[in-house]
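What follows is a short report on a single structure.
4 protein chains.
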Amino acid sequence: MNSAIDWYAQGMTEIKALYINCSIKYDNKTSHTQKLINRSAGILRSQGVNTETIHALDYDIAFGMEKDLSKVSDRKDEWPLIQEKIMEADILVLGTPIWLGVKASVATLVIERMYAYSGDRNNKGQYLYYGKTAGCIITGNEDGAKACAMDMLYAMSHIGYAVPPQADCAWLGEAGPGPSYSDTQWGDETLEAPAGYNNNFTNRNTTIMSWNLMHMANLLKQNNGFPSEGNVADNWQDFANATQQDPDERIRSIAAPI
Amino acid sequence: MNSAIDWYAQGMTEIKALYINCSIKYDNKTSHTQKLINRSAGILRSQGVNTETIHALDYDIAFGMEKDLSKVSDRKDEWPLIQEKIMEADILVLGTPIWLGVKASVATLVIERMYAYSGDRNNKGQYLYYGKTAGCIITGNEDGAKACAMDMLYAMSHIGYAVPPQADCAWLGEAGPGPSYSDTQWGDETLEAPAGYNNNFTNRNTTIMSWNLMHMANLLKQNNGFPSEGNVADNWQDFANATQQDPDERIRSIAAPI
Amino acid sequence: MNSAIDWYAQGMTEIKALYINCSIKYDNKTSHTQKLINRSAGILRSQGVNTETIHALDYDIAFGMEKDLSKVSDRKDEWPLIQEKIMEADILVLGTPIWLGVKASVATLVIERMYAYSGDRNNKGQYLYYGKTAGCIITGNEDGAKACAMDMLYAMSHIGYAVPPQADCAWLGEAGPGPSYSDTQWGDETLEAPAGYNNNFTNRNTTIMSWNLMHMANLLKQNNGFPSEGNVADNWQDFANATQQDPDERIRSIAAPI
Amino acid sequence: MNSAIDWYAQGMTEIKALYINCSIKYDNKTSHTQKLINRSAGILRSQGVNTETIHALDYDIAFGMEKDLSKVSDRKDEWPLIQEKIMEADILVLGTPIWLGVKASVATLVIERMYAYSGDRNNKGQYLYYGKTAGCIITGNEDGAKACAMDMLYAMSHIGYAVPPQADCAWLGEAGPGPSYSDTQWGDETLEAPAGYNNNFTNRNTTIMSWNLMHMANLLKQNNGFPSEGNVADNWQDFANATQQDPDERIRSIAAPI
Chain A
248 MNSAIDWYAQ GMTEIKALYI NCSIKYDNKT SHTQKLINRS AGILRSQGVN TETIHALDYD
308 IAFGMEKDLS KVSDRKDEWP LIQEKIMEAD ILVLGTPIWL GVKASVATLV IERMYAYSGD
368 RNNKGQYLYY GKTAGCIITG NEDGAKACAM DMLYAMSHIG YAVPPQADCA WLGEAGPGPS
428 YSDTQWGDET LEAPAGYNNN FTNRNTTIMS WNLMHMANLL KQNNGFPSEG NVADNWQDFA
488 NATQQDPDER IRSIAAPI
Chain B
248 MNSAIDWYAQ GMTEIKALYI NCSIKYDNKT SHTQKLINRS AGILRSQGVN TETIHALDYD
308 IAFGMEKDLS KVSDRKDEWP LIQEKIMEAD ILVLGTPIWL GVKASVATLV IERMYAYSGD
368 RNNKGQYLYY GKTAGCIITG NEDGAKACAM DMLYAMSHIG YAVPPQADCA WLGEAGPGPS
428 YSDTQWGDET LEAPAGYNNN FTNRNTTIMS WNLMHMANLL KQNNGFPSEG NVADNWQDFA
488 NATQQDPDER IRSIAAPI
Chain C
248 MNSAIDWYAQ GMTEIKALYI NCSIKYDNKT SHTQKLINRS AGILRSQGVN TETIHALDYD
308 IAFGMEKDLS KVSDRKDEWP LIQEKIMEAD ILVLGTPIWL GVKASVATLV IERMYAYSGD
368 RNNKGQYLYY GKTAGCIITG NEDGAKACAM DMLYAMSHIG YAVPPQADCA WLGEAGPGPS
428 YSDTQWGDET LEAPAGYNNN FTNRNTTIMS WNLMHMANLL KQNNGFPSEG NVADNWQDFA
488 NATQQDPDER IRSIAAPI
Chain D
248 MNSAIDWYAQ GMTEIKALYI NCSIKYDNKT SHTQKLINRS AGILRSQGVN TETIHALDYD
308 IAFGMEKDLS KVSDRKDEWP LIQEKIMEAD ILVLGTPIWL GVKASVATLV IERMYAYSGD
368 RNNKGQYLYY GKTAGCIITG NEDGAKACAM DMLYAMSHIG YAVPPQADCA WLGEAGPGPS
428 YSDTQWGDET LEAPAGYNNN FTNRNTTIMS WNLMHMANLL KQNNGFPSEG NVADNWQDFA
488 NATQQDPDER IRSIAAPI
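Chains as they are written, first to last, in the numbering used here: chain A, 248 to 505; chain B, 248 to 505; chain C, 248 to 505; chain D, 248 to 505.
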């Protein structure tokens, strides 16, 4: 196992990861989601991955399906600073709190702004985000983690990110109002430990996600991303493609010879 | 490019793909979704991938979060026959029609039955479906493809599948009642071509998905799946993990030395 | 308040409610969801509402977008027996467990079969389910209640049901594996009380939903359902309608005189 | 029918409706969603309903689960101006474009800000939004209307709004890039009519939704909202409630005597 670990450790130092906290609180220090982000980011950092976390609301982000609103309007727009970080990173992890069972407005905004660049191409002619790896982190005091994860992972997958197995992690409390992740007090009650910190399931899934993000990023890095046969919007018709296949064929199960 | 193609063609012949049509029609011949499945399956077959399609309702599948209902009840249950095919396949593609904006009952049933095995392990100790690649195909006469895709891709990702970029494809008509994919007649009107067959967007996305499924499966095949560091439920605590990381750390952006 | 209560009690005895348990277990006695259904049904029954609960899997329900599969195929199909109960009921409550964050296959099947009748009309020419009231009940050991509720309530609303405020209730445990609603044992641990029974939030929301279903049904019963101006598919063009309105008008905020 | 119409017309003049366009474009004049909003608003206005439309991004809305960010931070926050309009209105209709299959960031933001008030009470002690009626309007060039509708209608229902039958309407084009609602040009092609304007399905559903919103609001207005038995968070335990019902009872179908 040692040589594998060495190989991995070596690969890891070439990887960059970006966590974006999409909390709706302007002050990062009050964000519960940040606490779980820290645990995942810590794992990547321990393996030598260059890991940065930003708080989306530290930036003045404009609304709109544009790359830079400041160029097409008189709005201030600091999104391009974030986009630059996204483009440099091999791994992107979006963190969001849950409100009413769905992802936060800030997470939606971040995804919209990324989407505005999705028509651009990487150096192989593939969509811009090809070759990158996505994950997500969610906290709430009850219910909604899977709904948020499927929404965010799908969005990132749709614009080019690869999604490794179990690419989400979350903490949620029991149904009803209750402490948020990391709270040490709930009403008059002082909790024995910060809420969720000792949740074995959350810790396990956070660990699994973090390692899978590294494994996928490493795999893609060492293979120079995805091959470009058949997945380039400008030349898909030069490869075996849908228009050549007979949709009306009866089901058959034997592979045809090449 | 030729040598790459050769390398690929060689890898492809070792890959198996399974398409499961989750139509709610018992007769496969009347399924519109099957037509789009055929186009994707044809692409894989053209590259030498061993490709099989099954129609879920050809099997007598029982309900329940069990591996084999026939062993725990007096119900007939042919699910294990499908599960065997799933386990042999490197690529799994679920096809579903849309009803009321969401995936079909049969698709939900198929996912539930797969989920019942998700506690099992592969030969590395990872969850059973690790190392496999997932995609999905959706048709409807209007609206709901992304909702179905995010639901199905998430479910497969959650139990261990890897999801390559743009792993879904679909055809939908304009808002309102209208022809289904492949229909040549709508009311009194004879259509110029079968509905959706010439849709450039659907054909392009079907092609891109099909190739990305092959690329991801090939990548995983040639790297012997995902490494098992940190993603095995039984020994995640032996690796750098969440419990060791300080959740209360302030955000910092510089990678720590290893 | 007494006369209001009397008036209500009187109205209630004319109301019928149907609960359908969409558990994926064939044996109702083992369903956790049934326990929470019982609490809601008990409230309605205590007010004189004629309340019936059925277990969907007690019936042999075929797949397909048909009213009665036995008439168009050689399949056995007991759905029409359920449909009859649905048509007699003023209130319909669907109960579902959560699997992988979404509603159960049986819930999807039940909704599909109801949908097959949605082109039929009630005695005012409105869609069949107009004048009826919908709610839903969800249990899981963690996460997914709101996702299930939005899916099921939307489906019922879309085919004609009215949805009162807070028309869903649920119980969920903390993130991770754990007891299901009503479990008294979890692994080696004996619980102080059946899981969820004393959850104040679940009990409150179950109560609020149950009363709101009665209030809405009563309101509709006493007003003979919704008026039929503008909502009948066959004559909407005889009323003020969308085609007559100028979509390109600038926003203005003052009501025009009639 | 005339007297019913008179009765209705009379009721309508007492009703106020608010449409909030949650477009991510700062300039309302460029919003496609606004066009479909206009058609629905025109129907309500034609019946004497006091109808106002606002463009959310005309206001400077802060992020956060607070009633007024300007009171708890140094942020500017014009949300309270919108909240005041929401509280005055009997009907609230949220309009949103679709991006990546889900509702816009601005729609999420609007719902979050409404949610921050949801702990307040109306004059009966019910949650603040009880007695009000909700609907939604969605446009996109393809796919996602039902996903947006279920998300937005659920959110509004969860905080107290009543949802009448078929409370959503939408326009979507065929799968793939294409004109947006109201576009008269697509690439080099000049369209015969603005996209979607003649879509019979969209016009019908817009009409049905608009009338159902009026019917529900009228019904609630004339009945003084929902009765407060059993649905007030502060005294639900004074009415027949969940804690009094036996969850372990076997299913039975006969109504008990009062």
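The C-beta atom is built at its ideal place from N, Cα and C for all residues, glycine as well.
Start and end residues, beta strand (DSSP E) containing residue i
i, result
"D:T355", "That residue, D:T355, is in no beta strand (DSSP E); its alpha helix (DSSP H) goes 352 to 362."
"B:I385", "380 to 386"
"A:C416", "415 to 418"
"C:E299", "297 to 302"
"C:T431", "It is not in any beta strand (DSSP E) - C:T431 carries neither H nor E in the DSSP assignment."
"B:N268", "263 to 268"
"A:V340", "338 to 346"
Min CB distance residue i to chain A below 8 Å
i, result
"D:H302", "no"
"D:L347", "yes"
"C:K393", "yes"
"B:A440", "no"
"B:S270", "no"
"D:V479", "no"
"D:S352", "yes"
Closer than 8 Å to chain B by CB, residue i
i, result
"A:L341", "no"
"A:W517", "What the structure shows of chain A is the stretch from 248 to 505, and residue 517 of chain A is not part of that stretch, so it cannot be assessed."
"A:R236", "Since the displayed chain A opens at 248 and closes at 505, residue 236 of chain A lies outside it and no answer follows."
"C:Q333", "Residue identity check: residue 333 of chain C is Ile in the sequence provided, not Gln. For C:I333, the answer is no, since every Cβ of chain B falls outside 8 Å of its Cβ."
"C:T277", "no"
Residue i - containing alpha helix (DSSP H), residue span
i, result
"A:A394", "392 to 405"
"B:I290", "279 to 293"
"D:L316", "316 to 319"
"C:E335", "326 to 335"
"D:K468", "447 to 469"
Within-8 Å CB hit, residue i to chain G
i, result
"D:T449", "Within the model displayed, chain G is absent; protein chains A, B, C and D are what it includes."
Supposed close pair residue i, residue j - CB separation, criterion 8 Å
i, j, result
"C:I290", "C:S457", "4 Å"
"C:D415", "C:A442", "The pair is not a contact, with the Cβ atoms about 19 Å apart (cut-off 8 Å)."
"D:C269", "D:A309", "Actually they do not touch by this definition, with Cβ atoms about 16 Å apart."
"B:T277", "B:P344", "With 8 Å as the limit, B:T277 and B:P344 do not qualify as a contact, their Cβ atoms being about 11 Å apart."
"B:G382", "B:L466", "Actually they are not in contact, since the Cβ atoms of B:G382 and B:L466 sit about 15 Å apart, beyond 8 Å."
"D:V448", "D:G378", "Per the sequence shown, the amino acid found at residue 448 of chain D is Phe instead of Val. The Cβ separation is near 31 Å, so there is no contact."
"C:L419", "A:A417", "Incorrect: roughly 13 Å between the Cβ atoms, too far for contact."
"B:Q413", "B:I384", "Between B:I384 and B:Q413 the Cβ distance is about 12 Å, and since that is not below 8 Å, they are no contact."
Min CB distance residue i to chain C below 8 Å
i, result
"A:N446", "yes"
"D:G289", "yes"
"D:I455", "yes"
"D:K282", "yes"
Below-8 Å beta-carbon distance, residue i vs any chain D residue
i, result
"C:R368", "no"
"C:Q294", "yes"
"C:A396", "yes"
"A:I498", "no"
Is the number of C-beta pairs between the stretch 398 to 408 of chain A and the stretch 334 to 346 of chain A that are closer than 8 Å three or more?
By the Cβ test, the stretch 398 to 408 of chain A is in contact with the stretch 334 to 346 of chain A, since at least three Cβ pairs between them sit closer than 8 Å.
If contact means a Cβ-Cβ distance below 9 Å, which residues of the stretch 303 to 330 of chain B contact chain C?
Answer set for the stretch 303 to 330 of chain B: L304, A309, F310, G311, M312, L316, S320, R322.
Of all the residues that make up the stretch 372 to 393 of chain A, which are near chain C by a beta-carbon distance shorter than 7 Å?
The stretch 372 to 393 of chain A vs chain C, Cβ under 7 Å: E389, D390, G391, A392, K393.
Interface positions of the stretch 398 to 430 of chain A facing chain C (Cβ-Cβ less than 8 Å), listed along the chain:
Going along the stretch 398 to 430 of chain A in chain order, one finds A417, W418, L419, G420, E421, A422, G423, P424 with a Cβ nearer than 8 Å to chain C.
Using Cβ-Cβ distances below 9 Å, what residues of the stretch 481 to 494 of chain B are close to chain A?
Cβ contacts with chain A come from W483, Q484, F486, A487, N488, A489, T490, Q491, Q492, D493, P494.
Kindly confirm or deny that the stretch 281 to 296 of chain A and the stretch 480 to 488 of chain B touch, where touching means at least three C-beta pairs closer than 8 Å.
At 8 Å Cβ cutoff, the stretches touch.
If you pair each beta-carbon of the stretch 366 to 374 of chain B with each one of the stretch 319 to 331 of chain B, do three or more pairs fall below 8 Å?
Put simply, the stretch 366 to 374 of chain B does not touch the stretch 319 to 331 of chain B. Fewer than three CB pairs are less than 8 Å apart.
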